[in-house]
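Novice:
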Amino acid sequence: MLLRRLALPLVALTALGLATTGCADQSAAAKVGDQTLSENDLMDEVKWYADNDALFASADDRAQVRGDTGTNSYTQQFVGQILQRRVQNMLISQLFENENLDLSDGELDQIRQGIESDQDQGPIFKGFPKAYQDQIVETSAQYSALSDTLGQDGLPQAFIELVDKTDIEISSRYGQWDKDNFLAQLFDPQNASAPAITPPAGPIANPEDDGSGSSGSGSDSGSLEIPQG
1 MLLRRLALPL VALTALGLAT TGCADQSAAA KVGDQTLSEN DLMDEVKWYA DNDALFASAD
61 DRAQVRGDTG TNSYTQQFVG QILQRRVQNM LISQLFENEN LDLSDGELDQ IRQGIESDQD
121 QGPIFKGFPK AYQDQIVETS AQYSALSDTL GQDGLPQAFI ELVDKTDIEI SSRYGQWDKD
181 NFLAQLFDPQ NASAPAITPP AGPIANPEDD GSGSSGSGSD SGSLEIPQG
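With the numbering used here applied, the sequence shown has no gaps in its numbers, which climb one by one up to 229 at the end.
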């Protein structure tokens, strides 16, 4: 099932990309410490996933992520999973900066080659836009460097401490954030009892709507319309 396929633990090599330069005229989907993720950046990423043929084994799989308001709408669960991963990567970036680490071109090339040659992840990786591939490589390399520096036991502990002291805000449009569920899903996904982001229970309006309609209807069947432009 696709949604399970997206729910990778923290230890996965191919941590998703990071592009957190929100603009002043864009609404924030999430704030993680001093980093901001705009709604437009999030929705661009959602579309890249929904359009990536390598992620879907069948039309039925693709239909699981589509909302009920047209080709540019997506289920709240699908958007929430991608947003959760983006929060994870913003935290990885912050921890990398806190440790004063650097990446060489050789390290980035090695990570890229490893992802491209992976039988499962390679086709998915190549199905993303080039700029997003670069983000995936950078975040994966940051995680690899942190793992080498902090060790197998030190990295999870440092990550937990960072989560505990970092202010994390999620727009109510996308749901309610739960730190404990987030950590449970990262470190023990098989036993996690609830998602880190619980989708809203009511209708959700498109950010570009004029207020005359809505684009979703609940945590199970609700959907988000992708902002255009």
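Note that beta-carbon positions come from the ideal geometry of N, C-alpha and C, so glycine has one too. All figures in this text were calculated on a predicted structure; none of them were measured in a lab.
State the beta-bridge partners of Trp177 as determined by DSSP.
Specialist: Sequence index remark: in the sequence shown, residue 177 carries index 177 (1-based). Ile197, per the DSSP bridge assignment.
Novice: Would Gln142 pass as a contact of Leu83 if the rule is Cβ separation under 8 Å?
Specialist: To locate residue 142, count along the sequence shown from 1; it is residue 142. To locate residue 83, count along the sequence shown from 1; it is residue 83. Against a cut-off of 8 Å, the Cβ pair of Leu83 and Gln142 comes out as no contact.
Novice: Alpha carbon to alpha carbon, how far is Val163 from Gly122? Give it in angstroms, no decimals.
Specialist: As a first step, residue 122 must be located in the sequence shown, where it is residue number 122. As a first step, residue 163 must be located in the sequence shown, where it is residue number 163. If I take the Cα positions, the gap works out to 30 Å.
Novice: Where Ala57 and Gly127 are concerned, what is the direct C-alpha to C-alpha distance, given to the nearest angstrom?
Specialist: Numbered from its first residue, the sequence shown carries residue 57 at position 57. Numbered from its first residue, the sequence shown carries residue 127 at position 127. Distance between the alpha carbons of Ala57 and Gly127 is about 14 Å.
Novice: With a threshold of 16 other CB atoms inside 10 Å of the CB of Gln76, please say whether the residue is buried or exposed.
Specialist: The count along the sequence shown starts at 1 and reaches residue 76 at position 76. That one is buried.
Novice: Which ranges does the beta strand (DSSP E) cover as unbroken runs of at least 3 residues, wholly within the region 110–192, from first to last along the chain?
Specialist: 168–170
Novice: Have a look at Gln94, Ala50, Leu55 and Leu186 and flag the residue whose alpha-carbon is nearest the alpha-carbon of Thr36.
Specialist: Locating residue 36 in the sequence shown gives position 36, where the first residue counts as 1. Closest option to Thr36, Cα to Cα, is Gln94.
Novice: Tell me the residue span of the alpha helix (DSSP H) that contains Gln64.
Specialist: As a working note, residue 64 is residue 64 in the sequence shown. From DSSP, Gln64 is part of no alpha helix (DSSP H); its letter is neither H nor E.
Novice: Report yes if the C-beta distance between Asn52 and Ile124 is below 8 Å; otherwise report no.
Specialist: The residue labelled residue 52 in the question sits at position 52 within the sequence shown. The residue labelled residue 124 in the question sits at position 124 within the sequence shown. Taking 8 Å as the Cβ cut-off, Asn52 and Ile124 qualify as a contacting pair.
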